[in-house]
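Asks:
There are 2 protein chains.
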Amino acid sequence: MPSIESSGTARIAVDAMGGDYGPRIMVPAAVKAAREGVGIALVGDESIINDELAKLDVTGLDVTVIPASQIVEMNDKPADALRRKKDSSIQVACRYVKSGEADGVVSAGNSGATVACGMFVLGRIKGVMRPALAGIMPTEKDPVVLIDVGANVDSKPLHLFQFGLMADVFARCVLGMKRPGVGLLSIGEEEGKGNAMVREAYDLLRDSQLRFIGNVEGRDIFTGDVDVVVCDGFVGNVALKLSEGLAQSMGRILKEELKSSWLSKLGTLLSLRAFKRFKKVVDYAEYGGAPLLGLKGIVVVCHGKSNELAIINAIRMASTSVRNKMHEHLAEGLAAHKGRTGTTESTSQTAA
Amino acid sequence: MPSIESSGTARIAVDAMGGDYGPRIMVPAAVKAAREGVGIALVGDESIINDELAKLDVTGLDVTVIPASQIVEMNDKPADALRRKKDSSIQVACRYVKSGEADGVVSAGNSGATVACGMFVLGRIKGVMRPALAGIMPTEKDPVVLIDVGANVDSKPLHLFQFGLMADVFARCVLGMKRPGVGLLSIGEEEGKGNAMVREAYDLLRDSQLRFIGNVEGRDIFTGDVDVVVCDGFVGNVALKLSEGLAQSMGRILKEELKSSWLSKLGTLLSLRAFKRFKKVVDYAEYGGAPLLGLKGIVVVCHGKSNELAIINAIRMASTSVRNKMHEHLAEGLAAHKGRTGTTESTSQTAA
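Protein sequences, first through last, are from chains A and B. At position 241 of the first sequence the residue is numbered 241 (my numbering), and the sequence of numbers has no breaks. At position 259 of the second sequence the residue is numbered 259 (my numbering), and the sequence of numbers has no breaks.
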């Protein structure tokens with residue numbers, strides 16, 4: 001494995017209009033990232049962005065504003081957003097990367113539209129059959145990368161294999177893992193368990209240069225004993241949203257119970273620091289967003305409800321991906337498994 | 001909808017040898033259920049079972065012992081368990097139901113083998129294409145039934161539709177729900193979201209007599225706003241095990257954090273009652289086991305780690321299913337949708 005060396009600076013186009021809170025959160029988050037040395041292009045309604053910037057001290061920072069007149073709404077269909085909103089902030093941001101003026105995009109807007117714009121504007125790295133969303137989730141130890149969390153449904157075994165290759169590169173380049181353990185999400189640990197797709201993907205992963213640790217089950221995701229978990233985008237999306245929903249429900253139940261008597265209220269006060277750390281561990285904001293891997297450019301898709309910290313962390317992740325040359329390593333990783341990953345099919349399917 | 005009337009008594013065959021704790025837990029749990037009026041047949045090694053019974057007061061209880069000389073181990077393959085262990089406790093228990101001497105089986109042994117024995121020994125109700133495991137999970141409000149949690153992989157849209165029909169009947173007959181809201185697990189709420197299988201199943205469910213509430217996402221499972229969630233067994237198994245794993249991980253993290261200072265330790269002591277209730281809400285033992293729906297006889301599959309309470313609750317569930325005539329209602333439910341559920345295919349596939 002080549003070692004990961006960090007160099008240069010990154011310039012990130014931030015979709016200032018996306019997310020539940022829009023420019024109010026996106027602009028200050030981007031400015032804070034700029035203070036850490038990241039070049040920032042804020043894309044969206046110029047006057048709104050400038051109003052937000054006026055509240056902040058941006059002296060000496062590399063922050064520019066790129067105008068875009070349209071906004072993709074949360075309920076817009078991705079295909080409509082692509083065709084009918086060519087001047088939307090997310091599409092303009094992607095074109096800004098395509099033209100080489102920025103290295104990556106961060107958006108908390110409509111996820112489907114962000115994925116679609118990334119795929120069709122930026123296009124895929126040569127050899128990549130299906131770009132995939134990598135969800136990064138907290139565990140009891142290091143974070144785990146779940147891939148794909150919803151960019152694709154009805155995947156084929158070769159797609160799953162490539163998801164594993166791409167997430168391995170991401171985990172090494174961006175999360176700093178030395179040699180990630182890659183597991184295949186299934187419904188039993190033994191080889192041969194799972195559905196038809198998973199059984200075929202197992203063979204491909206086993207015979208690769210990855211550190212493949214075999215099948216893992218739903219209960220293994222959060223123990224921290226596996227670094228990368230490979231699955232179809234349907235399963236991954238269900239798993240991601242279920243985890244988020246369950247963590248929130250458990251938090252709410254605990255809160256209700258702890259409020260139910262004055263004794264437990266007092267107890268909670270005394271344990272407040274512990275609860276804050278507990279919340280941090282189960283908080284998606286810690287990791288910021290899900291990188292869409294396999295495109296000619298970095299795209300990080302953030303949760304609509306992202307707060308400032310989540311956006312800053314997403315911009316940091318995009319910047320690290322650029323500085324650590326994730327794309328070169330991705331291309332190398334795919335080339336090393338060329339015979340196996342069906343590059344012929346993929347080339348003929350490359351998005352325009 | 002016909003109203004559910006309870007009548008008569010039930011006789012349940014308990015696989016005394018199954019589960020991580022075997023007869024030590026299974027026998028006392030079964031005896032406690034017998035005290036509530038359930039007829040019990042304990043199946044397994046006679047001398048071990050009798051040793052356990054000798055420790056308990058069984059005067060006047062309807063408890064018999066049915067000998068079985070073999071035990072299915074946790075790592076036995078289901079097909080091997082079927083063919084090579086014809087005198088195993090789980091297979092003998094299923095035959096005991098087949099012969100009409102008992103109405104249902106409860107086992108905490110090898111789940112795959114239990115499902116296989118149930119399917120091949122008992123056979124399917126006429127019209128059922130694929131029996132399915134219904135996982136019952138705690139939520140912030142009433143429990144939710146997730147179906148299928150692993151009896152099938154590579155399901156077809158018609159199978160998913162039947163899972164919904166069967167779980168609706170179970171929720172009404174056994175959980176006492178009046179008119180359960182049935183959701184389809186997908187990766188977006190709008191019609192047309194999801195993979196090919198889910199999109200076709202959507203149409204079947206929408207046009208049925210069920211109270212279909214449309215697509216639900218992973219994050220909706222635990223809010224308590226949906227009563228039945230329909231999915232393929234691969235997705236459902238991942239979801240079930242992930243929920244269990246995440247709840248345990250969160251519990252461990254919280255415990256660690258609360259132990260980290262004397263202040264929070266004191267706080268925890270004061271909040272102890274609240275934590276106990278929290279644990280109860282996220283505890284699978286509350287619901288006991290997963291019924292395998294669609295067979296000619298009741299089969300409840302329990303977690304290997306089941307404690308006494310979980311087994312008692314599983315026996316109660318089996319008994320309620322019998323007394324509330326779940327099977328008659330299942331057959332009625334399927335007949336009401338006959339044109340749609342492809343009964344021709346199913347009849348030709350009925351297991352021997």
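A virtual CB, placed ideally from N, CA and C, is assigned to each residue, including glycine.
1. For B/V228 versus B/A167, is the C-beta spacing smaller than 7 Å?
2. How should A/A318 be labelled, buried or exposed, when 16 other C-beta atoms within 10 angstroms of its C-beta is the threshold for buried?
3. Would you give the residue range spanned by the alpha helix (DSSP H) that B/I315 belongs to?
4. Note down the Cα distance separating A/M177 from A/V58, rounded to an integer number of angstroms.
5. Along chain B, in chain order, which residues have C-beta atoms closer than 8 Å to that of A/S243?
6. Thinking A/V216 and A/G188 are a contact (beta carbons under 8 Å), I'd like their distance in whole angstroms, please.
7. So, using beta-carbon positions, are A/V153 and A/F234 closer together than 7 Å?
8. Three-state secondary structure (DSSP) at B/V128?
9. Within its chain, find whatever has a CB closer than 7 Å to the CB of A/T223; leave out the 5 residues flanking it on each side and keep chain order.
10. Looking at chain B, is there any beta carbon in it that lies within less than 7 Å of the beta carbon of A/E73?
11. Report back the beta-carbon spacing between B/Q162 and B/R130 to the nearest angstrom; my notes put them in contact at under 8 Å.
12. According to DSSP, what are the bridge partners of B/F212?
13. Could you check where the alpha helix (DSSP H) with B/T268 kicks off and where it finishes?
14. Distance cutoff 7 Å, beta carbons only. Does A/F234 sit that close to anything in chain B?
15. CB B/N237 to CB B/G150, shorter than 7 Å?
16. Alpha carbon to alpha carbon, how far is A/A116 from A/G304?
17. Rounding to the nearest angstrom, what Cα-Cα distance links B/T344 and B/R124 in this structure?
18. Short check: CB of A/V38 to CB of A/A13, under 7 Å?
19. In chain B, which residues lie with their C-beta within 7 Å of the C-beta of A/A201?
20. Does any C-beta atom of chain B lie closer than 7 Å to the C-beta of A/G181?
21. In this structure, how does DSSP classify A/T114 when only helix, strand and coil are distinguished?
22. Classify A/K338 as buried or exposed, calling it buried when 16 or more other Cβ atoms lie within 10 Å of its own Cβ.
23. Which partner residues does A/L330 have in the DSSP bridge list?
24. For the putative contact between A/G289 and A/V169, defined by C-beta atoms under 8 Å, what is the C-beta separation to the nearest angstrom?
25. Going by other Cβ atoms of all chains shown within 10 Å of its Cβ, with 16 needed for buried, is A/D232 buried or exposed?
26. When you compare the CB positions of A/V31 and A/A16, do they come within less than 7 Å of one another, or not?
27. List, in order along the chain, the chain A residues whose C-beta lies closer than 7 Å to that of B/N195?
28. Which residues of chain B have a Cβ atom closer than 7 Å to the Cβ of A/V238, listed in chain order?
29. If you measure from the beta carbon of B/T268 to each beta carbon in chain A, is any gap under 7 Å?
30. Looking at B/L295 and B/V230, is the spacing between their C-beta atoms short of 7 Å?
31. Nearest to A/S395 by CA position, among A/E257, A/L175, A/I298 and A/D62, is which residue?
32. According to DSSP, is A/G109 part of a helix, a strand, or is it coil?
33. Whole angstroms are fine: how far does the CA of B/T114 sit from the CA of B/V300?
34. Mind listing, in chain order, the continuous beta strand (DSSP E) runs of no fewer than 3 residues lying wholly within the region 187-232 of chain A?
35. Could you work out which residue in B/P67, B/L270 and B/D203 is closest to B/S88 when comparing CA atoms only?
36. In the structure shown, what three-state DSSP assignment does A/I71 receive?
Replies: Looking at the coordinates:
1. yes
2. buried
3. E308 to R323
4. 34 Å
5. G218, L242 and L246
6. Incorrect: roughly 10 Å between the Cβ atoms, too far for contact.
7. yes
8. coil
9. T139 and E140
10. no
11. 7 Å
12. B/V182
13. W262 to L270
14. yes
15. yes
16. 16 Å
17. Model confidence at B/T344 stands at a pLDDT of 41, short of 50, so the residue's coordinates are unreliable; what they give is reported in the following sentence. Taking the straight line joining both Cα atoms gives about 14 Å.
18. no
19. Simply none; closest approach about 13 Å.
20. no
21. helix
22. exposed
23. DSSP, once it has assigned bridges, lists no residue as partnering A/L330.
24. A/G289 to A/V169, Cβ: 18 Å. No contact.
25. buried
26. no
27. V153, D154 and F234
28. L185, I187, G218, V235 and A239
29. yes
30. no
31. A query on residue 395 of chain A cannot be resolved here, the shown segment of chain A reaching from 1 to 352 and no further.
32. coil
33. 9 Å
34. 211-216 and 228-230
35. B/P67
36. coil
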